[in-house]
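Heads up: the structure comes next, in structure tokens.
Numbering (the working numbering), first residue to last: 414 to 657.
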């Protein structure tokens, strides 16, 4: 005997109506949950993307000073010997300016034959040229800057400097990264709040944040930072905030 036979026609109609009500209630609840999920999804999908900037001027903590010169002689051997003698004198002068011997790194000497581009005669005493120098690497940034202005000291000792090239570096970037990233993020949030206020919405939680590259340049420009003692450190972050 089937289960439907246990109930009267009236009872069966009541049970069918109850099932319909339960089914309808289930559809309403499912629809409500779906609508809520869509609303939350759309809320999450709405965001503001801004960029935050932070800049800071710092002083270099390292310097390199490249000095090179050349001497002329009648033979390659004489040119090499004369160059070595001049190099030792130059190193002595530089050490007298307050630097250490460990700061100096010699560069290889190059010896080559002089050729008159016009095909003319080259004096015997100037036939061979020896060229080279050294690199001074130190943390005494101010001392390098001052010493570079004293080229007359070398000239008075008979050393004609052909190249004097100075570079300054800031190597302690990790010490300022945290505060610069915070400043860039704060700047981004301020921009987001301004944009949100103009759009009639509110800034919500942070969605994503991307750190840009740190750049080092001259304080008054974006290029030429190698030759300046003071450096401008710059970072740009890209941040997304949810909106409410």
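The C-beta atom is built at its ideal place from N, Cα and C for all residues, glycine as well.
What separation, rounded to the nearest whole angstrom, lies between the Cα atoms of residue 571 and residue 490? 20 Å
Excluding sequence positions up to five away, which residues of its chain have a Cβ less than 8 Å from the Cβ of residue 541? 485, 486, 487, 488, 489, 491, 492, 524, 525, 526 and 527
Going by other Cβ atoms of all chains shown within 10 Å of its Cβ, with 16 needed for buried, is residue 516 buried or exposed? buried
Measuring alpha carbon to alpha carbon, tell me which residue in 623, 629, 573 and 633 is nearest residue 654. 623
Residue 581 and residue 507 - do their beta-carbons sit closer together than 8 Å? no
Taking a contact to mean a Cβ-Cβ separation below 8 Å, would you say residue 546 touches residue 497 in this structure? no
Beta-carbon proximity list for residue 544, same chain, < 6 Å, skipping 5 on both sides: 483 and 523
Rounded C-alpha distance that separates residue 529 from residue 649: 55 Å
Rounded distance between the beta-carbons of residue 617 and residue 656, thought under 8 Å: 6 Å
Pairs of beta-carbons, one from the stretch 468 to 476 and one from the stretch 576 to 591, closer than 8 Å: are there three or more? yes
Here's a check: name, in chain order, each residue in its chain whose Cβ is nearer than 6 Å to the Cβ of residue 628, leaving out the five neighbours to either side. 647
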